[in-house]
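*Asks:* Protein chains in written order, with this note's numbering: chain C, 1326 to 1712; chain W, 1326 to 1712. C-beta: ideal position from N, C-alpha, C; glycine also.
#1: By DSSP, does residue 1581 of chain C sit in helix, in strand, or in coil?
#2: Residues in the same chain with beta-carbon distance under 6 Å from residue 1382 of chain C, minus the five sequence neighbours each way, listed in chain order, please.
#3: Using the Cβ count rule (16 or more neighbours within 10 Å means buried), how would you classify residue 1708 of chain W?
#4: If we count Cβ pairs, one from each stretch, closer than 8 Å, do we get three or more for the segment 1487-1497 of chain C versus the segment 1548-1565 of chain C?
#5: Considering only their Cβ atoms, is the gap separating residue 1572 of chain C from residue 1375 of chain C smaller than 8 Å?
#6: Taking the alpha-carbon of residue 1399 of chain C as reference, which of C/1472, C/1535, C/1350 and C/1636 has the nearest alpha-carbon?
#7: Okay, do the segment 1446-1453 of chain W and the segment 1591-1601 of chain W touch, 3+ Cβ pairs below 8 Å being the bar?
#8: In this structure, does DSSP put residue 1693 of chain C in helix, strand or coil?
#9: Straight-line CA distance for residue 1443 of chain C to residue 1671 of chain W?
#10: Would you mind listing the beta strand (DSSP E) stretches within the segment 1538-1575 of chain W that are 3+ residues and don't spill past its ends, in chain order?
#11: For a cutoff of 8 Å on Cβ pairs, would you count residue 1576 of chain W as touching chain C?
#12: Kindly indicate if chain C contains any beta-carbon less than 8 Å away from that of residue 1638 of chain W.
#13: Answer yes or no: do residue 1370 of chain W and residue 1380 of chain W have a C-beta to C-beta separation smaller than 8 Å?
#14: For the segment 1602-1670 of chain C, which segments carrying the beta strand (DSSP E) assignment without a break, of at least 3 residues, lie completely within its bounds, in sequence order?
#15: To the nearest angstrom, report how far apart residue 1697 of chain W and residue 1636 of chain W are at their CA atoms.
#16: Determine the DSSP secondary structure at residue 1722 of chain W, reduced to helix, strand or coil.
#17: Pull the bridge partners of residue 1462 of chain W from the DSSP assignment, please.
#18: Between residue 1652 of chain W and residue 1600 of chain W, what straight-line distance do the alpha-carbon atoms span, to the nearest angstrom?
#19: Decide if residue 1608 of chain C is buried, meaning its Cβ has at least 16 other Cβ atoms within 10 Å, or exposed.
#20: In the segment 1383-1398 of chain W, which residues sit with their C-beta less than 9 Å from some C-beta in chain C, listed in chain order?
#21: Give the range of the beta strand (DSSP E) segment to which residue 1392 of chain C is assigned.
#22: Can you list the residues of chain C that residue 1430 of chain W reaches, using a CB-CB cut of under 7 Å?
#23: Buried or exposed: where does residue 1655 of chain W fall if 16 or more other Cβ atoms within 10 Å of its Cβ makes it buried?
#24: Have a look at C/1461, C/1427 and C/1346 and flag the residue whose alpha-carbon is nearest the alpha-carbon of residue 1476 of chain C.
#25: Taking Cβ positions only, does residue 1361 of chain W come closer than 8 Å to chain C?
#26: Which value, in whole angstroms, describes the spacing of the CA atoms of residue 1537 of chain C and residue 1468 of chain C?
#27: Excluding the five sequence neighbours on either side, which residues of its own chain have a C-beta within less than 7 Å of the C-beta of residue 1333 of chain W, listed in chain order?
#28: Return the residues of the segment 1345-1360 of chain C that lie within a Cβ-Cβ distance of less than 8 Å from chain W, sorted by chain order.
#29: Can you confirm whether residue 1653 of chain W, when its beta carbon is compared against all beta carbons of chain C, has any partner nearer than 8 Å?
#30: Residue 1565 of chain C and residue 1533 of chain W - do their beta-carbons sit closer together than 8 Å?
#31: Between which two residues does the alpha helix (DSSP H) holding residue 1513 of chain W run?
#32: Can you find at least 3 beta carbon pairs, one from the segment 1338-1358 of chain W and one from the segment 1345-1365 of chain C, that sit closer than 8 Å?
#33: If the cut-off is 8 Å on Cβ atoms, which residues from the segment 1538-1567 of chain W count as contacting chain C, listed in chain order?
#34: Starting from the beta carbon of residue 1434 of chain C, find every residue of chain W whose beta carbon is closer than 8 Å, and list them in chain order.
#35: With DSSP run on the structure shown, which of helix, strand or coil describes residue 1330 of chain C?
And the structure:
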């Protein structure tokens, strides 16, 4: 059975060109980039190049890029780092109600240090109203964080409008762009953010590497103190192969962004129309237009989400539950809850995300499987009566 | 010119078996370990196996192993994590005066949160006296940290004796074992520590991966909050290839520890006697017996350390300055200073560290080069008069 993978936001494969770029830095150039002898040269150059590649993808300066070990680290470094660096100015943090757990729980964890967290609501499409952000800000607000694209429902937020508000008030603004970078254009100058996180394994770099854009002059309390790598903002021996891989993936992304947006958009449209024509009692989550092209989040009435996911998997189609990377928690989605989309009765939600390798054949096969699985599960449901 | 590498504590190569173990998790099994569909299975199994391999190396339970991105992260997670988790009990931290920067600056950084740091002195061999640790402890002490083997001078500390003191007082005890793990046997039960850090790139795993042993039941405030990986103690998408590589390197280490101790010890003895017989006005730093077998730290009077290092490099021999991984800072060593070994006048210090691939030929060639370089540099020194 050919397996079909439609869970690219959980992790993409590593692109062959990325593997090729990484291998010499696993097998040959093993020197520590911090060494001042000749074994350190190639590693230093490689990190220099990768920093430029990532900066180009985001339209930042190279020195504004800090390499991290994952999206979660970038988000924690931004939230804790900026909160702790600004403790003397205030103790209030504003985040949206649909942030990724690495923002949500991170901000909540700061409550034990005396911080207060306000949650900005979203509408039924998962969209933040910039006016709500404005209203949430107080004299004591020292940090605002709103994600660029929601990792579950795909809604793209009006970051540029929000950053106008935060800049006016002189409040640092972090943007979790993990779900967006590599799939849609992300320009930190246009967005006007002070920091922005990304993760390599979402766009064809390996797991274990990410980056944080931190605007020149923005203060941060480092999560790691030590020898002084990454200008002291994230010290520790660098993940050399990962960094090289991330740089290459960024270079590829610049080239492939137009293809990705078109290709991903076509596939999710095909999937959506296929579901609409084959299966009744479904609804789609997230904004109808302002959304990630590669994301389709759909809820099926009268079925249970985990059963749906497991039966799809048994039939050879890998998709995510409510959230791609958070299947281990198995809680009801806080995103759908904030959108008011957790309607009464049994509703199962699936998140389909596509990638470069995805094809219309994959979508057709997934639709065949999905139709049968939903039918079978509904047949067992006492609540469902076929119309 | 064949290059000679004698800076293994800055970074080892990645062992070929480790590369082989990693490659499938870069090229083939790209699923997210958090996924509950079939693409997550192999990654999950691989992490399970790696955790067992690392636990076996340290004689811990697998669930006591937390994967990190480097030694610095492990040390920061332990120090900040245990300090913040115990803030309500006290605000006093005790560390040795010769800790690695990732402990030293990490503890100092906590001063902005109201913590006080006491530094336990060392003797001229870089050895901590457990009685001094006892004396430094107060009613408010909530954390003690002493490294297992010093990364600069190689001295191995009496960790077991110190842990008796901390256990008696119920104070968490962290041990930075980055320079030791993989080269000498490290048994967390025997040492009696509550946490212990290691780094993969010191023993034939790649850069970008490390681990923290955290004893069952020891409380920690995570540096990363989020989705819940690593039992919530270090959340974020796992560095899958790195973790697999670390596991394999741990397995290899168990097998090779006897060879490494013998082989490394022979090479550094050869190097030491060679230096003694060829070059006058030198002294060796660190404890004469209780030391890492692969470490030789030697000071040369009437020469400047950086010039020494650079001329060695030009002649094809890569060695470290005072500290292997911290060459970028180029400050006088705080370790030698604490030992009272920064004697008056120009003194240049080199750190030689050997590895599995090092040979007696390497040592002979390095000695040839070293003799000439020291002679040349001294000839230019106005302070030096050949006896």
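*Replies:* Short version:
#1: In this structure, DSSP gives residue 1581 of chain C a helical state, which the three-state scheme calls helix.
#2: 1575, 1578 and 1579
#3: exposed
#4: Too few Cβ pairs lie closer than 8 Å, so no.
#5: yes
#6: Of the listed residues, the one whose Cα sits closest to residue 1399 of chain C is C/1535.
#7: no
#8: Residue 1693 of chain C: helix per DSSP, three-state reduction.
#9: 59 Å
#10: none
#11: no
#12: Cβ-Cβ to chain C under 8 Å: yes for residue 1638 of chain W.
#13: no
#14: Runs found: 1607-1610 and 1620-1626.
#15: 10 Å
#16: Given that chain W is displayed from residue 1326 to residue 1712, the structure contains no residue 1722 of chain W and the question cannot be resolved.
#17: Residue 1462 of chain W is not bridged to any residue.
#18: The predicted model places residue 1652 of chain W with a pLDDT of 47, which falls under 50 and marks its position as unreliable, so this point remains unresolved.
#19: Within 10 angstroms of the beta-carbon of residue 1608 of chain C lie fewer than 16 other beta-carbons, which makes it exposed.
#20: 1393, 1394, 1395, 1396, 1397 and 1398
#21: 1390-1393
#22: 1550 and 1551
#23: Here the model assigns residue 1655 of chain W a pLDDT of 48, short of 50, so the residue's position is not dependable, and the following value carries that caveat. By the 10 Å Cβ count, residue 1655 of chain W comes out exposed.
#24: Ranking C/1461, C/1427 and C/1346 by Cα distance to residue 1476 of chain C puts C/1427 first.
#25: yes
#26: 16 Å
#27: 1619, 1678, 1679 and 1680
#28: Legend: CB atoms of the segment 1345-1360 of chain C lying less than 8 Å from CB atoms of chain W belong to residues 1347, 1351, 1352, 1355, 1356, 1357, 1359 and 1360.
#29: Caution applies to residue 1653 of chain W, whose pLDDT of 44 falls short of 50 and renders its modelled position unreliable; the model cannot decide the point.
#30: yes
#31: Segment 1513-1516, the alpha helix (DSSP H) holding residue 1513 of chain W.
#32: yes
#33: 1546, 1547, 1548, 1549, 1550, 1551, 1552, 1553, 1554, 1560, 1561, 1562, 1563, 1564, 1565, 1566 and 1567
#34: 1546, 1547 and 1550
#35: strand
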